[in-house]
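Data first, discussion second: the structure below is written as structure tokens.
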Amino acid sequence: MDGSNKISITVCGDGGCGKSSITLRLVRSQWTHEYDPTIEDSYSVTRTIDGVTYSLNLTDTAGQEEYRGLWSSSNLHSDAFLLVYDITQANSLDALEHFNSLIDMERETRFEQGGVLPVCMVAGNKCDLQAMRQVSAKDGLQWAKSRGYGFMETSAREMVNIEETFALLVRKVVASRAQHVRGEPQELPSSTARTEPLTPLPADTEKEFPSQPQNEQPSERPKKQRWWQKLKCWCNHTLNIMDSTTALRNNSSAVTSRRNSYELGDFETGQQWSEQNHEVQSLPRADGGKDAWMLLGACFLLEALVWGFPFSFGIFQDYYINQNLFEGGEGGIAAIGTTATGLMYFAAPFVAVAGQRWPQYRRPTMWTGAAIIVLSLIGASFCTTVPGLLATEGVLYAIGGVITYFPAIQYIDEWFIMKKGLAYGVVWAGTGSAGIVVPFFSQWLLDSFGFRTTLRVWAIILAVMMTPALYFIKGRLPVTGSSAFRPVDLGYMKRAAFWVFWISIMFEGLGYFVPTYWLPSFARSLNMPSFVGPLGLALYNVAVVVGAVSMGALVDHCHAGTAILVSTVGQMLAIFVFWGLTSTQPMLYVFSLMWGVFAGSWAATWTGAAAAIRNKEPTGSNMDITTVIALFAAAKGVGSVISGPLSEKLVDIQANWQAAYAYGTSYAGLIVFTGVAVTLGGLAWVGRLVRLV
0 MDGSNKISIT
10 VCGDGGCGKS
20 SITLRLVRSQ
30 WTHEYDPTIE
40 DSYSVTRTID
50 GVTYSLNLTD
60 TAGQEEYRGL
70 WSSSNLHSDA
80 FLLVYDITQA
90 NSLDALEHFN
100 SLIDMERETR
110 FEQGGVLPVC
120 MVAGNKCDLQ
130 AMRQVSAKDG
140 LQWAKSRGYG
150 FMETSAREMV
160 NIEETFALLV
170 RKVVASRAQH
180 VRGEPQELPS
190 STARTEPLTP
200 LPADTEKEFP
210 SQPQNEQPSE
220 RPKKQRWWQK
230 LKCWCNHTLN
240 IMDSTTALRN
250 NSSAVTSRRN
260 SYELGDFETG
270 QQWSEQNHEV
280 QSLPRADGGK
290 DAWMLLGACF
300 LLEALVWGFP
310 FSFGIFQDYY
320 INQNLFEGGE
330 GGIAAIGTTA
340 TGLMYFAAPF
350 VAVAGQRWPQ
360 YRRPTMWTGA
370 AIIVLSLIGA
380 SFCTTVPGLL
390 ATEGVLYAIG
400 GVITYFPAIQ
410 YIDEWFIMKK
420 GLAYGVVWAG
430 TGSAGIVVPF
440 FSQWLLDSFG
450 FRTTLRVWAI
460 ILAVMMTPAL
470 YFIKGRLPVT
480 GSSAFRPVDL
490 GYMKRAAFWV
500 FWISIMFEGL
510 GYFVPTYWLP
520 SFARSLNMPS
530 FVGPLGLALY
540 NVAVVVGAVS
550 MGALVDHCHA
560 GTAILVSTVG
570 QMLAIFVFWG
580 LTSTQPMLYV
590 FSLMWGVFAG
600 SWAATWTGAA
610 AAIRNKEPTG
620 SNMDITTVIA
630 LFAAAKGVGS
640 VISGPLSEKL
650 VDIQANWQAA
660 YAYGTSYAGL
670 IVFTGVAVTL
680 GGLAWVGRLV
690 RLV
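If you count the sequence shown from 1, position 540 lands on 539 in numbering that gives the first Met the number 0, and the numbers rise without skipping.
Structure below.
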């Protein structure tokens with residue numbers, strides 16, 4: 000490799016601020032939360048940036064005071080320095096002054112010798128720990144800006160701005176070398192006119208800008224200046240203040256457009272300061288902003304389209320059987336719906352792992368899957384046998400659905416960091432929304448035009464609606480050559496925490512589908528009007544929307560075990576009390592609403608469960624949350640497959656006891672079974688009590 004493509008980077012900062020975690024994230028795509036003080040580690044890694052491959056020599060250095068003598072003697076000849084502090088420890092920002100003083104001396108030495116000046120960036124690490132923040136993004140930015148450095152907030156744990164920080168360092172080194180080759184004069188950051196500051200505009204009640212810029216605050220001035228710092232001309236500083244204030248007044252519109260995100264301290268969303276471009280360059284904002292909400296809306300729509308159709312297959316099943324259109328028996332027709340949902344559940348982990356390993360193929364895979372879905376419905380409309388329907392409406396639809404859906408939701412992790420649970424809850428509410436519309440619309444189409452026209456109409460609808468949804472589903476982080484292949488770590492499957500949640504979800508799956516399968520039949524057995532069953536299902540789906548969003552928001556603020564306890568208690572009340580004591584329509588409607596809120600929201604706890612599993616990892620891991628969710632979906636699929644035939648057997652069992660209300664009907668065994676299953680679904684809460692999760 001050309002020597003000009005070799006770049007040395009030293010990572011420095013106080014002990015425990017996450018320097019090793021940042022380095023290991025870049026080198027091995029691995030995060031470790033265990034603190035093992037580093038004396039010095041060196042790594043080599045290649046990255047392709049702007050079409051050029053660079054060899055990066057990284058030095059992870061000691062931050063403890065007892066090792067700083069070693070640091071100064073061996074690490075000052077790097078091309079770039081990444082100064083790292085911990086946003087949850089205010090003194091870690093002050094500690095950077097020691098390293099900055101040494102870098103200043105090295106920079107002045109190179110300046111006097113006519114060498115290439117080193118470049119620096121400041122990284123505020125652990126931006127995922129917002130609740131523990133002690134250093135605001137403004138303070139970190141101002142510290143970096145006052146010294147002429149770039150700035151990022153990072154999270155080694157959530158892999159936020161890791162690749163972007165090192166890519167920016169490489170670009171700055173390349174630019175510095177090019178400037179030196181061209182013979183252009185290089186200036187020290189301390190004597191370079193400051194770029195326009197990004198100080199927030201004053202509040203509406205303030206009439207004037209602050210007379211003194213933030214970089215004059217005593218807390219940000221070094222406690223003890225070195226002799227070479229005292230030689231800096233005071234007039235340069237005065238001119239900088241005048242230029243900065245003038246720039247603010249002349250560019251108020253530009254600053255205003257940045258004000259909201261800056262005041263909120265959202266630099267974990269990808270904002271970075273560049274003294275070369277004199278502006279903030281940014282990745283799309285995470286946890287908010289137009290692009291994030293557009294992606295969330297698109298995923299919500301995709302959820303409704305992909306899952307809404309197979310979940311409403313009962314309408315088609317009833318039509319196929321009653322019209323006696325096919326040979327092959329009722330059992331063969333009933334297998335179509337369970338095949339579609341079952342295959343999607345069981346294939347999910349394989350698709351999620353592939354999407355994590357080869358992220359550059361996610362979007363092409365989504366478009367391919369959408370085409371397969373449309374073709375499967377068109378093909379089913381020409382079928383004349385049950386095996387043909389099973390192959391098209393069952394197997395082919397499932398293949399298209401799973402490779403469309405799971406690559407899409409993997410992007411949620413990039414766009415939502417602090418609101419991950421809420422984001423997934425909103426997306427999963429799409430299934431409930433579809434359940435409100437799809438069954439009634441499908442029934443009208445079947446009654447009016449027959450199944451062949453209905454399937455073709457649905458193929459057109461899905462093609463038209465999935466196209467804009469897939470267009471807006473895209474990654475927040477660009478997939479470069481450095482991230483085209485990502486290792487997949489499944490080590491968490493060896494530990495108890497994962498299996499406690501997995502078994503809990505499997506038990507939940509045993510009971511989850513039973514009420515929706517049997518609600519119409521149960522209503523007819525009580526001689527209720529024919530509209531009661533469909534209306535009960537519609538109320539259930541309305542409640543799913545509310546429950547999924549609410550539970551998603553809850554799991555962002557509490558342990559998954561607590562959220563699971565809330566869901567489990569609500570489900571137990573719904574089954575044992577409201578379903579078991581049902582004898583009238585109002586009671587049945589209350590049961591439908593409660594079941595939708597508490598059972599329909601169960602999946603929204605999965606992001607919290609994944610976070611709990613990650614926190615139990617003893618050595619850290621490159622755990623992909625979508626892969627964990629896909630494994631949870633497979634557990635739910637196991638429950639789905641078992642509960643179907645088992646529930647039929649339970650309904651056939653006649654009760655040998657005398658009881659009132661629903662407990663005195665043939666559905667008594669089904670009610671008890673469902674209640675026990677969802678109770679066992681609360682196993683994860685017990686796991687938390689004994690500290691397994």
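From the three backbone atoms N, C-alpha and C, an ideal C-beta is built for every residue, glycine too.
Residue j beta carbon less than 8 Å from that of residue i
i      : j      : result
Gly313 : Gly336 : yes
Pro519 : Gly510 : no
Asp78  : Ile6   : yes
Leu55  : Phe150 : no
Phe725 : Ala291 : The first residue shown for the chain is 0 and the last is 692, placing residue 725 beyond what the model contains.
Gly341 : Ser591 : no
Leu82  : Val121 : yes
Ile332 : Gln316 : yes
Ala537 : Gly424 : no
Gly368 : Thr403 : yes
Thr87  : Arg156 : no
Leu587 : Ala495 : no
Gly686 : Gly560 : yes
Met365 : Gly400 : no
Ile48  : Asn124 : no
Ser646 : Trp517 : yes
Phe512 : Ala676 : no
Residues near residue i by beta carbon distance below 6 Å, same chain, minus five either side
i      : result
His558 : none
Gly663 : none
Gly264 : With a pLDDT of only 33 at Gly264, under the threshold of 50, the placement of this residue in the model should not be trusted; the figure read from the coordinates follows. So the qualifying residues of the chain are Ser135 and Ala136.
Gly393 : Ile335, Thr338 and Ala339
Leu75  : Glu105
Leu454 : Leu376, Ala379 and Ser380
Trp233 : The predicted position of Trp233 is uncertain, since its pLDDT is 37 and thus under 50; no value can be drawn from it.
Ser582 : Tyr660
Burial state of residue i (16 or more Cβ within 10 Å)
i      : result
Asn99  : buried
Phe577 : buried
Ile8   : buried
Tyr319 : buried
Lys493 : exposed
Gln141 : buried
Ser529 : exposed
Met550 : buried
Gly50  : exposed
Leu395 : buried
Ser3   : exposed
Tyr53  : buried
Thr673 : buried
Thr255 : In this predicted model, Thr255 has a pLDDT of only 30, less than 50, meaning its place in the structure is not dependable enough to derive any value.
Ser190 : Confidence is the limiting factor: at Ser190 the pLDDT is only 39, short of 50, which leaves the residue's position unreliable, though a coordinate-based value still follows. Exposed, by the Cβ-count rule.
Trp427 : buried
Gly420 : buried
Residues of its chain near residue i, where Cβ-Cβ distance is below 7 Å and the 5 sequence neighbours each way are ignored
i      : result
Gln584 : Met527 and Val531
Leu691 : Ala495, Ala496 and Val499
Phe80  : Thr9, Cys11, Ile102, Pro117 and Cys119
Ile641 : Leu509
Nonlocal neighbours in the same chain, by C-beta distance under 8 Å from residue i, ignoring five residues either side
i      : result
Ser41  : Asn56, Leu57, Thr58 and Asp59
Phe345 : Ala633 and Gly636
Val26  : Tyr42, Val44 and Leu57
Ser311 : Ala433, Gly434, Val437, Pro438 and Ser441
Ile670 : Ile574, Phe575, Trp578, Gly579, Ala661 and Tyr662
Asp127 : Ser154, Arg156, Glu157, Val159, Glu267, Ile416 and Met417
Which runs of the alpha helix (DSSP H) fall wholly inside the region 469 to 527 and span at least 4 residues, in chain order?
Counting whole runs of 4 or more residues, the region 469 to 527 contains the alpha helix (DSSP H) stretches 495 to 511 and 513 to 524.
In chain order, which alpha helix (DSSP H) runs of at least 4 residues are fully inside the region 383 to 423?
The region 383 to 423 contains these whole alpha helix (DSSP H) runs: 385 to 388, 396 to 408 and 411 to 414.
Do three or more CB pairs link the region 415 to 433 to the region 293 to 306 at distances below 8 Å?
Counting C-beta pairs with one atom in each stretch, the region 415 to 433 and the region 293 to 306 have three or more that are closer than 8 Å, which means they touch.
Does the region 562 to 580 come close enough to the region 675 to 687 that 3 or more CB-CB pairs lie under 8 Å?
The region 675 to 687 makes contact with the region 562 to 580, as at least three CB pairs between them are under 8 Å.
Does the region 491 to 506 come close enough to the region 601 to 618 to have 3 or more Cβ pairs within less than 8 Å?
Result yes; three or more Cβ-Cβ pairs closer than 8 Å.
Can you find at least 3 beta carbon pairs, one from the region 464 to 472 and one from the region 585 to 600, that sit closer than 8 Å?
No, they do not touch.
Ranges of the alpha helix (DSSP H) found wholly within the region 639 to 679, counting only runs of at least 4
Taking 4 residues as the shortest admissible run, the region 639 to 679 contains the following complete alpha helix (DSSP H) segments, listed from N- to C-terminal end: 667 to 679.
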